[in-house]
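Structure first, commentary second.
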Amino acid sequence: MKPEHHSRTMEVAADLIDYWSSASPSLPAWLPLQKVKSLVAKAGTKLMARWVAQIDALDDVELSSGLLDFLAGWVSKPTCFQHFAYCGYWGDELWKGKAVIKKYGGYCWDCDQYQRWLEGRAAENWMNVKYNPDCNVLTPAILKGSPGAKQIPGNIDWDDQVYPSALELAEFYSKAAKKMTPPQQQLNWDIQSLCFGVHLLQDQGIPHHVLCTVAGGHSHFEEDMYGFWRSYYSERSNTTKDEVIGHQLSDRVANLLGDQRLSNAKSFEKIGEWAVDRTGQWLQKAGGIPAIPCAMDSLNLTVQGIACTIRALALHA
Numbered sequence: 001m002k003p004e005h006h007s008r009t010m011e012v013a014a015d016l017i018d019y020w021s022s023a024s025p026s027l028p029a030w031l032p033l034q035k036v037k038s039l040v041a042k043a044g045t046k047l048m049a050r051w052v053a054q055i056d057a058l059d060d061v062e063l064s065s066g067l068l069d070f071l072a073g074w075v076s077k078p079t080c081f082q083h084f085a086y087c088g089y090w091g092d093e094l095w096k097g098k099a100v101i102k103k104y105g106g107y108c109w110d111c112d113q114y115q116r117w118l119e120g121r122a123a124e125n126w127m128n129v130k131y132n133p134d135c136n137v138l139t140p141a142i143l144k145g146s147p148g149a150k151q152i153p154g155n156i157d158w159d160d161q162v163y164p165s166a167l168e169l170a171e172f173y174s175k176a177a178k179k180m181t182p183p184q185q186q187l188n189w190d191i192q193s194l195c196f197g198v199h200l201l202q203d204q205g206i207p208h209h210v211l212c213t214v215a216g217g218h219s220h221f222e223e224d225m226y227g228f229w230r231s232y233y234s235e236r237s238n239t240t241k242d243e244v245i246g247h248q249l250s251d252r253v254a255n256l257l258g259d260q261r262l263s264n265a266k267s268f269e270k271i272g273e274w275a276v277d278r279t280g281q282w283l284q285k286a287g288g289i290p291a292i293p294c295a296m297d298s299l300n301l302t303v304q305g306i307a308c309t310i311r312a313l314a315l316h317a
């Protein structure tokens, strides 16, 4: 998702929580509605919307400047290589050489099924990628426990590096959020870490993220997705938003929250597996990534992101 789409997804999740607090719809018994509402109120919707997008801008994964400039056309920051989880679309494993991506595994440039030989870049393949826990977010002490710190040792060529999956990273941020104690909680670091984990779950509604590709029209697809969502909800008047929530979004999201597998998901990792598999099923029905998503694609995949967001907030509340 585009950063703005992540923010708007967090905002509509908060809008739904407010709506449900007064509308008394049929919701699963596991959803502690008032606790979730209080959680959102703790930091405020606007701040959570900013934090859920912020993770895309982190500098916790470092590459050389020349290579970084080259890769900017594929990813906004190298940290985004950690935002993928393979759905098994092409079989149980993706591999090339010694690099192997298993089901729910993370991204590897050489295993990307949409990448061709890149003329003039072979000489840069020896360049290493490294993890930097001192990237001015949370603290180095916290980020040294990240899957990236463990799985990006700094001595693997950048194109051979298998990055941690989004599901591993989401689980890390959710557990870090639970462990926060004052004065860290006073700074709302727990909510910030929680929002980072939510972002990674939302990303699994983008087909490219579950196919583990930064190519294949990835950026354009996300731009179109967000464009449809803006026209459907986020840029509409408050009156229209209320109508959309009442007549469209409430039942759609509630139905997803009632899915037995999502209801039984007791960790961010399990929420992510549900999202990956659901997007993978959508891909199978669509026969692969459509060149241009339609408005219904944007609606269904965004609703999935909203459901993931609310399930994650409920686990933390």
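According to the numbering used here, the sequence shown is numbered sequentially starting from 1. Quick reminder that beta carbons are idealized off the backbone N, C-alpha and C, glycines included.
Spatial neighbours of residue 263 in its chain, beta-carbon cut-off 8 Å, leaving aside the 5 residues before and after:
28, 30, 257
With residue 86 and residue 114 assumed to form a contact (beta carbons below 8 Å), what rounded beta-carbon distance in angstroms separates them?
So it is not a contact: roughly 13 Å between Cβ atoms.
May I have the straight-line CA-CA distance separating residue 288 from residue 191, to the nearest angstrom?
36 Å
On the three-state DSSP scale, how would you describe residue 254?
helix
To which residues of the same chain is residue 96 closer than 6 Å at the C-beta, ignoring the five residues directly before and after it?
Take residue 96, set aside five residues on each side of it, and the residues of its chain with a beta-carbon closer than 6 Å to its own are 110, 111, in chain order.
Inter-residue Cα distance where the pair is residue 266 and residue 66
42 Å
Answer with buried or exposed for residue 296, where buried requires no fewer than 16 other C-beta atoms within 10 angstroms of its C-beta.
exposed
On the CB-based measure, 16 or more other CB atoms within 10 Å of its CB, does residue 292 come out buried or exposed?
With fewer than 16 other Cβ atoms within 10 Å, it is exposed.
With a threshold of 16 other CB atoms inside 10 Å of the CB of residue 7, please say whether the residue is buried or exposed.
buried
Below 8 Å, how does it come out for the stretch 143-159 and the stretch 7-24: are there three or more Cβ pairs, yes or no?
Between the stretch 143-159 and the stretch 7-24, the count of C-beta pairs closer than 8 Å stays below three; the two stretches do not touch.
Identify which residue in 148, 224, 276, 179 has its Cα closest to the Cα of residue 207.
276
For the stretch 32-48 against the stretch 170-177, do three or more pairs of beta-carbon atoms, one drawn from each stretch, fall closer than 8 Å, so that the two count as touching?
At 8 Å Cβ cutoff, the stretches do not touch.
In the structure shown, what three-state DSSP assignment does residue 93 receive?
Strand.
Work out the CA separation of residue 280 and residue 210 for me, nearest whole Å.
7 Å
Close-in-space but distant-in-sequence residues of the same chain around residue 45 (CB under 8 Å, 5 per side omitted)
10, 11, 14
Tell me the DSSP secondary structure of residue 62 in three-state form.
strand
Quick check: is any heavy atom of the ligand FAD less than 7 Å from the C-beta of residue 153?
Summarising the ligand content, the structure contains no ligands, and the ligand FAD is consequently not present.
Under the three-state reduction of DSSP, which class applies to residue 210: helix, strand or coil?
helix
Just to confirm the assignment, what range does the beta strand (DSSP E) spanning residue 57 have?
First-last for residue 57: undefined, no H or E at that position.
Looking only at its chain, what residues have a beta carbon closer than 8 Å to the beta carbon of residue 144, apart from the 5 residues adjacent to it on each side?
133
When DSSP builds the beta bridges, which residues end up paired with residue 100?
95
Which first and last residues belong to the alpha helix (DSSP H) in which residue 230 is found?
First-last for residue 230: undefined, no H or E at that position.
Give me the Cβ distance between residue 4 and residue 167, rounded to the nearest whole Å; I'm assuming they're in contact under 8 Å.
The Cβ separation is near 24 Å, so there is no contact.
Where residue 160 falls: helix, strand or coil (DSSP)
coil
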